[in-house]
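Read through the structure below, which is laid out as structure tokens, and then see the notes.
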Amino acid sequence: AQSVTQPDIHITVSEGASLELRCNYSYGATPYLFWYVQSPGQGLQLLLKYFSGDTLVQGIKGFEAEFKRSQSSFNLRKPSVHWSDAAEYFCAVGAHYGQNFVFGPGTRLSVLP
Amino acid sequence: EAQVTQNPRYLITVTGKKLTVTCSQNMNHEYMSWYRQDPGLGLRQIYYSMNVEVTDKGDVPEGYKVSRKEKRNFPLILESPSPNQTSLYFCASSPGDSGNTIYFGEGSWLTVV
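Protein chains in written order, with this note's numbering: chain A, 291 to 403; chain B, 222 to 334.
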């Protein structure tokens, strides 16, 4: 069965520091991979997605993620974190939208001034 | 504006009192689904629908019902709510192609006392 793990429940970084959020997946076929962000009290916003092609994908708000098939990973990165990036981040994997679409447990990001 | 609209956004109800959370999308998407979000568990799929009159169980369907009589609407029904259904609920929709982006509603906070 497919699954997504996000090893870090909570990460704290200083504003301006770099960020990497980890995501590992288990999936029987070629995965479609997503990162979503949820600000407090808000819904989920898509940051970026990977379907095929270049394994380094760019998203909104300066985020990028790299797909590494050999490591079954899809880590999210940002070179310089802003205070407004404090939120919860979810990695997700799926093939078809409504079938086998699985979210990870989320990583909460705190940003120190 | 492309939207997934859920109502109510906030609800406190009592055990056993039937309730319905409505969901409507204006993007003519074929696929719709419901998720619940609980701390440490991420989002778990309750039910999904591939088209009108076509629905199927997700990972946590117990205690819920859905219907898809129209393409734009996908209500979530709790026939006899229990406290363990206290959660944050998200409706989502997506076009029919594999791997396409899922659009989320803003969420419905449900408390069952």
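Heads up, the beta-carbon is just placed ideally off N, CA and C, and yes, glycines get one too.
Simplified DSSP assignment, three categories, for Gly349/A: Taking the first sequence and counting its residues from 1, one reaches residue 349/A at position 59. Three-state result, Gly349/A: coil.
Beta-carbon gap between Tyr256/B and Gln266/B smaller than 7 Å: On the second sequence, position 35 is the one that residue 256/B refers to. On the second sequence, position 45 is the one that residue 266/B refers to. Yes, Cβ-Cβ distance for Tyr256/B and Gln266/B is below 7 Å.
Distance CB(Glu354/A)-CB(Gln348/A) smaller than 7 Å: Counting from one through the first sequence, the residue named residue 354/A turns up at place 64. Counting from one through the first sequence, the residue named residue 348/A turns up at place 58. Against a cut-off of 7 Å, the Cβ pair of Gln348/A and Glu354/A comes out as a contact.
Burial state of Ile299/A, where buried means 16 or more other Cβ atoms lie within 10 Å: Sequence index remark: in the first sequence, residue 299/A carries index 9 (1-based). Exposed, because fewer than 16 other Cβ atoms sit within 10 Å of the Cβ of Ile299/A.
Span separating the alpha-carbon of Ala223/B from that of Asp280/B: Taking the first residue of the second sequence as position 1, residue 223/B is located at position 2. Taking the first residue of the second sequence as position 1, residue 280/B is located at position 59. Between the alpha carbons of Ala223/B and Asp280/B lies a gap of roughly 27 Å.
Member of Leu309/B, Val235/B, Val273/B whose CA lies at the smallest distance from the CA of Gln227/B: Working through the second sequence from its first residue, we reach residue 227/B at position 6. Nearest option by C-alpha distance: Leu309/B.
Chain A within 7 Å of Glu327/B, Cβ atoms only: Residue mapping note: residue 327/B aligns to position 106 of the second sequence, counting from 1. Yes, its Cβ sits closer than 7 Å to a Cβ of chain A.
Cutoff 7 Å; reference Thr307/B; Cβ partners in own chain excluding five residues on either side: The count along the second sequence starts at 1 and reaches residue 307/B at position 86. Setting aside the 5 residues that flank it on each side, Thr307/B is surrounded in the same chain by Leu331, Thr332, Val333, each with a C-beta closer than 7 Å to its C-beta; the list follows chain order.
Inside the region 237-296 of chain B only - beta strand (DSSP E) runs reaching at least 3 residues: With a minimum length of 3 residues, the continuous beta strand (DSSP E) runs that stay inside the region 237-296 of chain B are 240-246, 252-259, 263-272, 275-278.
Cβ of Leu336/A within 7 Å of any chain B Cβ: For the purposes of this step, residue 336/A is taken as the residue at position 46 of the first sequence. By this cut-off, Leu336/A is an interface position.
Cβ of Gly396/A within 7 Å of any chain B Cβ: The sequence position of residue 396/A within the first sequence is 106, counting from 1. True, the Cβ-Cβ gap to chain B drops below 7 Å.
Within 8 Å of chain A by C-beta, residues of the region 302-314 of chain B in sequence order: Phe311
Within-7 Å CB hit, Phe357/A to chain B: Taking the first residue of the first sequence as position 1, residue 357/A is located at position 67. For Phe357/A, the answer is no, since every Cβ of chain B falls outside 7 Å of its Cβ.
CB contact check: Gly352/A to chain B, cutoff 7 Å: Translated into the one-based positions of the first sequence, residue 352/A becomes position 62. It does not; no Cβ of chain B falls within 7 Å.
Beta-carbon proximity check, Ser329/B vs Val242/B, cutoff 7 Å: By 1-based counting over the second sequence, the position of residue 329/B is 108. By 1-based counting over the second sequence, the position of residue 242/B is 21. Taking 7 Å as the Cβ cut-off, Ser329/B and Val242/B qualify as a contacting pair.
Residue burial classification, Gln258/B (beta-carbon count within 10 angstroms, cutoff 16): On the second sequence, residue 258/B is found 37 positions in, with the first residue counted as 1. When all chains shown are included, Gln258/B counts as buried.
Paired residues, beta bridge with Thr234/B - DSSP: Sequence index remark: in the second sequence, residue 234/B carries index 13 (1-based). Checking the DSSP bridge columns, you'll see Thr234/B partnered with Val333/B.
Residue range of the unbroken beta strand (DSSP E) whose run includes Arg312/A: Position 22 of the first sequence holds residue 312/A. Run containing Arg312/A: none; DSSP gives neither H nor E here.
Where the beta strand (DSSP E) containing His300/A begins and where it ends: Counted from its first residue, the first sequence places residue 300/A at position 10. Unbroken beta strand (DSSP E) run through His300/A: 300-304.
Reduced DSSP secondary structure (H/G/I, E/B, other) of Ser374/A: Along the first sequence, read from residue 1 onward, the residue named residue 374/A stands at position 84. If DSSP states are grouped into helix, strand and coil, Ser374/A belongs with the helices.
C-beta atoms of Phe324/A and Ala377/A nearer than 7 Å: Here residue 324/A refers to the residue found at position 34 when the first sequence is read from its first residue. Here residue 377/A refers to the residue found at position 87 when the first sequence is read from its first residue. At a Cβ-Cβ threshold of 7 Å, Phe324/A and Ala377/A do not count as neighbours.
Exposure label - Leu402/A; buried when at least 16 CB within 10 Å: For the purposes of this step, residue 402/A is taken as residue 112 along the first sequence, with counting starting at 1. Exposed is the call here.
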